[in-house]
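Only one structure is covered here, and it is reproduced in the block below.
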Amino acid sequence: MKMFLLTFTIIFFIIMSGYANSDPREEDVLNLDQLADAFGWNFEEAEIQTQMVAEGLYVLFGLGGNIAVSIGKDGVLIVDDQFPQIMDKLEAAISKIGGEKVDYAVNTHWHFDHAEGNNALGPKGTKIIAHSNARADMAKGGLINMVIAKYMQQPYPDEALPVFTYNHGMQIYFNDGEIDLKNFASAHTNGDTAVFFKKQNAVHLGDVFNNSGYPFIDVGSGGSIDGMIKFCEEALKLSTEDTIVIPGHGPVTDIANLKQYISMLKTVRLRVASLIADGNTMQQVLDARPTEDFDEIYGPERGSLGFVNRVYTSLSQQ
18 MKMFLLTFTI IFFIIMSGYA NSDPREEDVL NLDQLADAFG WNFEEAEIQT
68 QMVAEGLYVL FGLGGNIAVS IGKDGVLIVD DQFPQIMDKL EAAISKIGGE
118 KVDYAVNTHW HFDHAEGNNA LGPKGTKIIA HSNARADMAK GGLINMVIAK
168 YMQQPYPDEA LPVFTYNHGM QIYFNDGEID LKNFASAHTN GDTAVFFKKQ
218 NAVHLGDVFN NSGYPFIDVG SGGSIDGMIK FCEEALKLST EDTIVIPGHG
268 PVTDIANLKQ YISMLKTVRL RVASLIADGN TMQQVLDARP TEDFDEIYGP
318 ERGSLGFVNR VYTSLSQQ
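Going left to right, the sequence shown walks through residues 18 to 335 as our numbering numbers them.
What follows is the structure, encoded as structure tokens:
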């Protein structure tokens, strides 16, 4: 799966290569169908893969962000919900592992590939939960600048918006276990949620932790490299060496991989900050290739959604 995700990221880069060295023009803003084409997403042919990660806890892989599924005597709680176009397939996958209707859906943040399914679940009565900033962003919509392209996420209707929100932390007691929601900093966006399944010793980190390549920092939505580092470090403090780590994208992994990711974030941040302090421009920083020795692990940086660009931008705004 990691290779697949890396491949379509590179394909996306090639398709949008005309935008790679400058901000795309407003007339080049993509709609969801165009974005799906660029990423190689085919809603009709999408297949859902299911992985059991612990008793009562599963992960669904489809199109978009990874979905965690808690199933038990209280019903079904999911983390993130991908797209309404494949909701019937997601619901069929949940049914196969013993679930029925989705009672609760937690959004790790407001981006379309993690929360667009709200538009299908909300009208069915699913109670949606998110950070208060994520709800505000869903309600107003906005431009997501992925550096190599822009996407205008439309405002969600009332029935697709979270009905429960929090600011710093929240606990849910469900399926004989405590589920903790935590926001440690503005990281990937200004409204990220880490979801700790304490019974199973597992955590879903949304797009604060990308296990399919370099992360995307949505600076326009309040994200920052410093926030990414802080968020991951705080999540690490609440974990053990045996904690199961569910990333926003890519395979389910472990604490050792998260530690390696944090080390990468810190190293790249230090390098870019040093280059900025020496007076280098954005292009000069990109030309210096501050991620080069990490590319074997995370893939070519030029195929990412502007990781170094966003690190530079977030540090330059300080």
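All C-beta atoms in this analysis are idealised placements derived from N, C-alpha and C, irrespective of residue type, glycine included.
Taking all protein chains shown into account, do 16 or more other C-beta atoms lie within 10 angstroms of the C-beta of residue i, making it buried, or fewer, making it exposed?
{"i": "residue 190", "result": "exposed"}
{"i": "residue 87", "result": "buried"}
{"i": "residue 172", "result": "exposed"}
{"i": "residue 318", "result": "buried"}
{"i": "residue 232", "result": "buried"}
{"i": "residue 20", "result": "In this prediction, residue 20 has a pLDDT of 39, which is less than 50 and means its spatial position is unreliable; what the coordinates show is noted afterwards. With fewer than 16 Cβ atoms within 10 Å of its Cβ, residue 20 is classed as exposed."}
{"i": "residue 335", "result": "exposed"}
{"i": "residue 135", "result": "buried"}
{"i": "residue 102", "result": "buried"}
{"i": "residue 145", "result": "buried"}
{"i": "residue 230", "result": "buried"}
{"i": "residue 133", "result": "buried"}
{"i": "residue 267", "result": "buried"}
Grab me the residues of residue i's own chain with a C-beta within less than 6 Å of its C-beta, minus the 5 sequence neighbours each way, in chain order.
{"i": "residue 16", "result": "Residue 16 is absent from the structure shown; the chain starts at 18 and stops at 335."}
{"i": "residue 37", "result": "In this prediction, residue 37 has a pLDDT of 37, which is less than 50 and means its spatial position is unreliable; what the coordinates show is noted afterwards. Only 165 meet the Cβ criterion."}
{"i": "residue 158", "result": "170, 171 and 172"}
{"i": "residue 299", "result": "329"}
{"i": "residue 216", "result": "194"}
{"i": "residue 95", "result": "84, 86, 119 and 122"}
{"i": "residue 60", "result": "102 and 103"}
Is the CB-CB distance between residue i and residue j below 9 Å?
{"i": "residue 68", "j": "residue 269", "result": "yes"}
{"i": "residue 311", "j": "residue 330", "result": "no"}
{"i": "residue 200", "j": "residue 128", "result": "no"}
{"i": "residue 107", "j": "residue 161", "result": "no"}
{"i": "residue 265", "j": "residue 297", "result": "no"}
{"i": "residue 91", "j": "residue 193", "result": "yes"}
{"i": "residue 137", "j": "residue 97", "result": "no"}
{"i": "residue 336", "j": "residue 275", "result": "Given a span of 18 to 335 for the chain in the structure shown, any question on residue 336 remains unanswerable."}
{"i": "residue 8", "j": "residue 210", "result": "Residue 8 cannot be examined here, being either before or after the span of the chain that is shown, 18 to 335."}
{"i": "residue 85", "j": "residue 76", "result": "yes"}
{"i": "residue 242", "j": "residue 277", "result": "no"}
{"i": "residue 113", "j": "residue 93", "result": "no"}
{"i": "residue 341", "j": "residue 49", "result": "Because the chain spans 18 through 335 in this model, residue 341 falls outside it and cannot be assessed."}
Quick one: what's got a C-beta closer than 7 Å to residue i's C-beta in the same chain, skipping five residues either side?
{"i": "residue 152", "result": "178, 179 and 182"}
{"i": "residue 246", "result": "279, 282, 283 and 286"}
{"i": "residue 219", "result": "70, 71, 74, 260, 261 and 263"}
{"i": "residue 333", "result": "293"}
{"i": "residue 256", "result": "220 and 272"}
{"i": "residue 235", "result": "161, 205 and 206"}
{"i": "residue 140", "result": "176"}
{"i": "residue 239", "result": "203, 206 and 207"}
{"i": "residue 250", "result": "279"}
Would you give the residue range spanned by the beta strand (DSSP E) that residue i belongs to?
{"i": "residue 198", "result": "194–199"}
{"i": "residue 212", "result": "211–214"}
{"i": "residue 246", "result": "Counting along the chain, residue 246 falls outside any beta strand (DSSP E), though it belongs to the alpha helix (DSSP H) covering 242–254."}
{"i": "residue 94", "result": "92–96"}
{"i": "residue 219", "result": "219–221"}
{"i": "residue 395", "result": "The structure shown does not extend to residue 395, since the chain is modelled only from 18 through 335, so no value can be given for it."}
Where do the ends of the alpha helix (DSSP H) carrying residue i lie?
{"i": "residue 277", "result": "272–294"}
{"i": "residue 87", "result": "Where residue 87 is concerned, there is no enclosing alpha helix (DSSP H), although the beta strand (DSSP E) it sits in stretches over 84–89."}
{"i": "residue 165", "result": "Looking at the DSSP string, residue 165 is not in any alpha helix (DSSP H), and its letter there is neither H nor E."}
{"i": "residue 324", "result": "324–333"}
{"i": "residue 153", "result": "149–157"}
{"i": "residue 129", "result": "129–132"}
{"i": "residue 3", "result": "What is shown of the chain runs 18 to 335, which leaves residue 3 out entirely."}
{"i": "residue 137", "result": "135–138"}
{"i": "residue 300", "result": "299–305"}
{"i": "residue 315", "result": "312–315"}
In its own chain, which residues sit with a C-beta less than 8 Å from the C-beta of residue i, not counting the 5 before and 5 after it?
{"i": "residue 130", "result": "80, 81, 82, 99 and 100"}
{"i": "residue 325", "result": "285, 289, 302, 303, 307, 308 and 318"}
{"i": "residue 109", "result": "65"}
Would you verify that the beta carbon of residue i is, or is not, closer than 9 Å to some beta carbon of chain D?
{"i": "residue 210", "result": "Among the chains of the structure shown, chain D does not appear; only one protein chain is present."}
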